[in-house]
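*Asks:*
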Amino acid sequence: MKKNTRWCGYQTFQVVPFICALVLMLFPVSGSGVELGTRQQTILPRAVPPGADPVAPSNVAAYLTSPYGQWDWGPGTNEGRRLTLMPEGYTATNHAARLLSFFSLADVHMTDKESPAQVPYLGWSADFGDPGMAQLNPSAYSPVILATTHRLDAAVKTINALHRVTPFDFGIILGDMCNSGQYNELRWFVDVMDGQPITPSSGAHAGADTIDYQKPYQAAGLDPSIPWYAAIGNHDQLWMGIGYPSEKIQQAMVGSNVLNIAPNGPLIPPGAEGTGMYVGVVDGSTSNGTVINWGATNLFEMPPTVAADSNRRMLSTPLDSPTNFVNAFFDSTSLPLGHGFIPGVTGSLAACYSFEPATNLPLKVIVLDNTCKADVPDQNALFYGGGWVDAARYSWLTNELQMGQDADQLMVLACHIPILPQTSAADTNRSSTFHDTASESNLVATLHNYPNLLLVMAGHRHQNVVTPFPSPDPDHPERGFWEVETVSLRDFPQQLCAWEILRNSDNSISILTTSVDPVIETNSPAWNSRTYGLAAERIFGRIAFDDTSSRTYNVELVKYLSPAMQEKIADIGEPLGHSMHIESTDSGMAIDFLGQLQSSVAMTEPITWNDVSAATSSPYSVSAQNGRQFYRTVEP
Numbered sequence: 010m011k012k013n014t015r016w017c018g019y020q021t022f023q024v025v026p027f028i029c030a031l032v033l034m035l036f037p038v039s040g041s042g043v044e045l046g047t048r049q050q051t052i053l054p055r056a057v058p059p060g061a062d063p064v065a066p067s068n069v070a071a072y073l074t075s076p077y078g079q080w081d082w083g084p085g086t087n088e089g090r091r092l093t094l095m096p097e098g099y100t101a102t103n104h105a106a107r108l109l110s111f112f113s114l115a116d117v118h119m120t121d122k123e124s125p126a127q128v129p130y131l132g133w134s135a136d137f138g139d140p141g142m143a144q145l146n147p148s149a150y151s152p153v154i155l156a157t158t159h160r161l162d163a164a165v166k167t168i169n170a171l172h173r174v175t176p177f178d179f180g181i182i183l184g185d186m187c188n189s190g191q192y193n194e195l196r197w198f199v200d201v202m203d204g205q206p207i208t209p210s211s212g213a214h215a216g217a218d219t220i221d222y223q224k225p226y227q228a229a230g231l232d233p234s235i236p237w238y239a240a241i242g243n244h245d246q247l248w249m250g251i252g253y254p255s256e257k258i259q260q261a262m263v264g265s266n267v268l269n270i271a272p273n274g275p276l277i278p279p280g281a282e283g284t285g286m287y288v289g290v291v292d293g294s295t296s297n298g299t300v301i302n303w304g305a306t307n308l309f310e311m312p313p314t315v316a317a318d319s320n321r322r323m324l325s326t327p328l329d330s331p332t333n334f335v336n337a338f339f340d341s342t343s344l345p346l347g348h349g350f351i352p353g354v355t356g357s358l359a360a361c362y363s364f365e366p367a368t369n370l371p372l373k374v375i376v377l378d379n380t381c382k383a384d385v386p387d388q389n390a391l392f393y394g395g396g397w398v399d400a401a402r403y404s405w406l407t408n409e410l411q412m413g414q415d416a417d418q419l420m421v422l423a424c425h426i427p428i429l430p431q432t433s434a435a436d437t438n439r440s441s442t443f444h445d446t447a448s449e450s451n452l453v454a455t456l457h458n459y460p461n462l463l464l465v466m467a468g469h470r471h472q473n474v475v476t477p478f479p480s481p482d483p484d485h486p487e488r489g490f491w492e493v494e495t496v497s498l499r500d501f502p503q504q505l506c507a508w509e510i511l512r513n514s515d516n517s518i519s520i521l522t523t524s525v526d527p528v529i530e531t532n533s534p535a536w537n538s539r540t541y542g543l544a545a546e547r548i549f550g551r552i553a554f555d556d557t558s559s560r561t562y563n564v565e566l567v568k569y570l571s572p573a574m575q576e577k578i579a580d581i582g583e584p585l586g587h588s589m590h591i592e593s594t595d596s597g598m599a600i601d602f603l604g605q606l607q608s609s610v611a612m613t614e615p616i617t618w619n620d621v622s623a624a625t626s627s628p629y630s631v632s633a634q635n636g637r638q639f640y641r642t643v644e645p
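Set out below in structure tokens:
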């Protein structure tokens, strides 16, 4: 296994808190100290008072001041340890070793807001409280589109700060890097990850000298020691993620005439150009991103125009082989070359690959393209936006799984679209996400045949949901696996996810997930985007006014292994038996640990956020296993 130096947890000297604090203080957050995850604190929406004045979706200035987008910092969350996949009567044991540490991002939706072929008018012109058909209104327009590059840059800075404390072995992007499959959208994504100069506008670059969200800036770039990989999503290759990229759309993307479509969204036939709606564009010279050039076509004497930009071209042409999308990842300065994709592969397998993230660790990650590759115009959103695994990809997947099984490798399956997930975190009924529900059920049955499969990880639905898939055979609990969906960086709560895979003392596996709020500079475009995102969810009626939940789900998921695999991994991983021991002093910085702690002074077990805050007013002693879930810094 790759041995990263993880100095937290190997020292017992009083100097350690000082060193840890010094490193963390290089990346400060709100108030004193550094908050490194939602196990420590979460963003909680404030309840909207009864009788609050409605806010039109187009009244962007009111998003920042109205009660719909207001929030506070609240206590952390921890759903505890889930044993759903374990044998009946199983008793949990202690963590023994860390096998892997990584991060994921999903559904960034880098958006060319000035493109003549996006559809902001659908949301901009909507009524208060109207999410629209299939909730497309806030997907088509939300003022979060003003700062998509800035949010990613903030997330990257946060990842780098976490990496300085407990190094990541790799990162993975779970699809929908783009919003509408445009070349410049993917270019922005890769350039932010690479740490390049960013010009967050297109066409005429209106407002580049005067408007905060339009000004060019230097991206921080991901720490070069972290390799990152990518999976393709439906928005990376389809018009708005749901539409066939017809010739008309492709011409509109690179042209100057604003696209016109039917009033309710679908494209209109070429012979009916005067009967639809112009989709509108964001005016980058306005501080609130006013949408212009939209409305019924019969209200315009001439088609509205914008400055054309060839970098808006569609990536996935033809649709059945996303080679143009894949090739863009080879134009990158960060590692690995191609970010997992394999050059020269064509057809529906072009975005499928696997990799082994650490040497001397029997684990591989299988990256599956489970998006639509069918070239059938005029189909509905479920057809294009749903999950697909055709015969070629099914054969490839089963071959990868079998090779991993035969090689005694643990396996993680990463894809964009979840497979038969729970409807929500609270609703355990299953929700089909595939165009063909029969193939989706068949895929689940197939995955049960590979007991070394630990986890399916996905994005797509913009929510934190964990779905257990217990073994269909109680005598072989190792055939069960977990599926974890993570939230979007676009929509509230705008988070990334930190993961740890641990070996337990009985050689079962624990998967720890921690949602992370990006560290954001106050009053920056990314900071405003956080309020925009929450306000949009309420203004469009997707979050109830009295709902003050964080949408965060932090959990430990335990997986049973076959006796052969238990023996295989028995001595693998970075030992967690070493504990951090900290003595507080009356002055200077101190590190507080959260979680299962033993203390000699006025602390309870398990400890809570409030306990830690109170305990820091007097000398104390804390011991805990090292791990990113368990620390923060405070100033006495």
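Residue numbers (our numbering): 10 to 645.
Idealized CB from N, CA, C, for every residue including glycine.
(1) Inspect the beta-carbon positions of residue 252 and residue 244 and report whether they are closer than 8 Å.
(2) Taking the Cβ atom as the reference point for each residue, do residue 423 and residue 181 lie within a distance shorter than 8 Å?
(3) If you reduce the DSSP assignment to three classes, tell me which class residue 70 lands in.
(4) Does DSSP classify residue 316 as helix, strand or coil?
(5) Taking only runs of the beta strand (DSSP E) that begin and end inside the region 384-432, which ones reach a length of at least 3 residues, in chain order?
(6) Residues in its own chain within less than 8 Å of residue 482 by CB, not counting five upstream and five downstream?
(7) Tell me whether residue 355 sits in a helix, a strand or coil according to DSSP, three-state version.
(8) What residue does the alpha helix (DSSP H) around residue 250 start on, and which one ends it?
(9) Can you list, in chain order, the residues of its chain whose CB lies under 7 Å from that of residue 382, leaving out five sequence neighbours each side?
(10) Return the Cβ separation of residue 151 and residue 542 in integer angstroms, given the expectation that the two are a contact with Cβ distance under 8 Å.
(11) Sorted by chain position, which residues of the same chain lie with C-beta nearer than 7 Å to residue 65's C-beta, five sequence neighbours on each side aside?
(12) The beta strand (DSSP E) with residue 475 in it runs from where to where?
(13) Where do the N-terminal and C-terminal ends of the beta strand (DSSP E) with residue 242 fall, by residue?
(14) Take residue 417 and list the residues in its own chain whose beta-carbon comes closer than 8 Å to its own, dropping the five residues that flank it on each side.
(15) Cβ of residue 429 within 8 Å of Cβ of residue 402?
(16) Mind checking residue 369: buried by the 16 CB within 10 Å criterion, or exposed?
(17) Give the range of the beta strand (DSSP E) segment to which residue 510 is assigned.
(18) Can residue 585 and residue 106 be called in contact, C-beta distance under 8 Å?
(19) Rounded to whole angstroms, what's the CA-CA distance from residue 255 to residue 465? Just pull it up for me.
(20) Answer yes or no: do residue 560 and residue 501 have a C-beta to C-beta separation smaller than 8 Å?
(21) For residue 186, count the other beta carbons within 10 Å of its own beta carbon; 16 or more makes it buried, fewer makes it exposed. Which is it?
(22) Determine whether the beta carbon atoms of residue 212 and residue 316 lie at a separation below 8 Å.
(23) Among residues of its own chain, excluding the 5 on either side of residue 512, which ones have a beta-carbon nearer than 7 Å to its beta-carbon?
(24) Span of the beta strand (DSSP E) holding residue 289?
(25) In this structure, what does DSSP give as the bridge partners for residue 91?
(26) Hey, out of 53, 391 and 100, whose CA is closest to residue 142's CA?
(27) How many Å lie between residue 363 and residue 67 at the Cα?
(28) At which residues does the alpha helix (DSSP H) containing residue 545 begin and terminate?
(29) Can you tell me whether residue 117 is helix, strand or coil according to DSSP?
(30) Got a sec? Which residues, its chain only, sit under 7 Å from residue 389 by beta carbon, not counting five neighbours each side?
(31) Using alpha carbons as the reference points, say which of 536, 564 and 568 lies closest to residue 73.
(32) Where residue 498 and residue 558 are concerned, what is the direct C-alpha to C-alpha distance, given to the nearest angstrom?
(33) Measuring straight from C-alpha to C-alpha, what distance separates residue 164 and residue 173?
(34) If you check the beta carbons only, do residue 166 and residue 528 fall under 8 Å apart?
(35) In the DSSP output, what is residue 107 paired with across the bridge?
(36) Can you tell me the Cα-Cα spacing of residue 486 and residue 97, whole angstroms?
*Replies:* Checking against the coordinates, here is how it stands:
(1) Result no, Cβ atoms of residue 252 and residue 244 do not sit closer than 8 Å.
(2) In contact: residue 423 and residue 181 (Cβ atoms closer than 8 Å).
(3) Helix.
(4) Three-state result, residue 316: coil.
(5) Every beta strand (DSSP E) stretch that sits fully inside the region 384-432 and reaches 3 residues is listed by chain position as 419-423.
(6) Listed in chain order, the non-local C-beta contacts of residue 482 below 8 Å within the same chain comprise 488, local neighbours out to five positions each way being set aside.
(7) Looking at residue 355 - three-state DSSP - the assignment turns out to be coil, as it is neither helix nor strand.
(8) First-last for residue 250: undefined, no H or E at that position.
(9) The beta carbon of residue 382 is closer than 7 Å to those of 328, 329, 357, 397 and 399 in its chain, skipping five residues each way along the sequence.
(10) That belief holds up - the Cβ atoms of residue 151 and residue 542 are roughly 7 Å apart, short of 8 Å.
(11) Same-chain partners within the cutoff: 137.
(12) Its beta strand (DSSP E) spans residues 474-478.
(13) No residue range can be given for residue 242, since it is assigned to no beta strand (DSSP E) and is classified by DSSP as neither H nor E.
(14) Excluding sequence neighbours, residue 417 sits near 371, 461, 573, 574 and 577.
(15) Result no, Cβ atoms of residue 429 and residue 402 do not sit closer than 8 Å.
(16) A residue is called buried when at least 16 other Cβ atoms come within 10 angstroms of its Cβ; residue 369 does not meet this threshold and is exposed.
(17) Here the beta strand (DSSP E) through residue 510 covers 505-513.
(18) Here residue 585 is near residue 106, since their CB atoms are less than 8 Å apart.
(19) C-alpha separation (whole angstroms): 33 Å.
(20) Against a cut-off of 8 Å, the Cβ pair of residue 501 and residue 560 comes out as a contact.
(21) With a threshold of 16 other beta carbon atoms within 10 Å, residue 186 meets it and is buried.
(22) Yes, the Cβ-Cβ distance between residue 212 and residue 316 is below 8 Å.
(23) For residue 512, same chain residues with a beta-carbon under 7 Å away, outside a window of 5 residues either side, are 105, 106, 108, 518, 578, 581 and 582 in chain order.
(24) For residue 289, the enclosing beta strand (DSSP E) covers residues 286-291.
(25) Residue 91 is bridged to 566.
(26) Distance from the Cα of residue 142 is smallest, within the candidate group 53, 391 and 100, for 391.
(27) Using only the alpha carbons, I get a separation of about 44 Å.
(28) Where residue 545 is concerned, the enclosing alpha helix (DSSP H) stretches over 534-548.
(29) Under the three-state reduction of DSSP output, residue 117 falls in the coil class, being neither helix nor strand.
(30) Excluding positions up to five away in sequence, the list is empty.
(31) Selected option, being the one with the closest Cα: 536.
(32) When only Cα atoms are considered, residue 498 and residue 558 end up about 17 Å apart.
(33) Rounded to the nearest angstrom, the two C-alpha atoms are 14 Å apart.
(34) Pairing residue 166 with residue 528 gives a Cβ-Cβ distance under 8 Å.
(35) DSSP output for residue 107 lists 511 and 583 as bridge partner(s).
(36) For residue 486 and residue 97, the distance between alpha carbons rounds to 9 Å.
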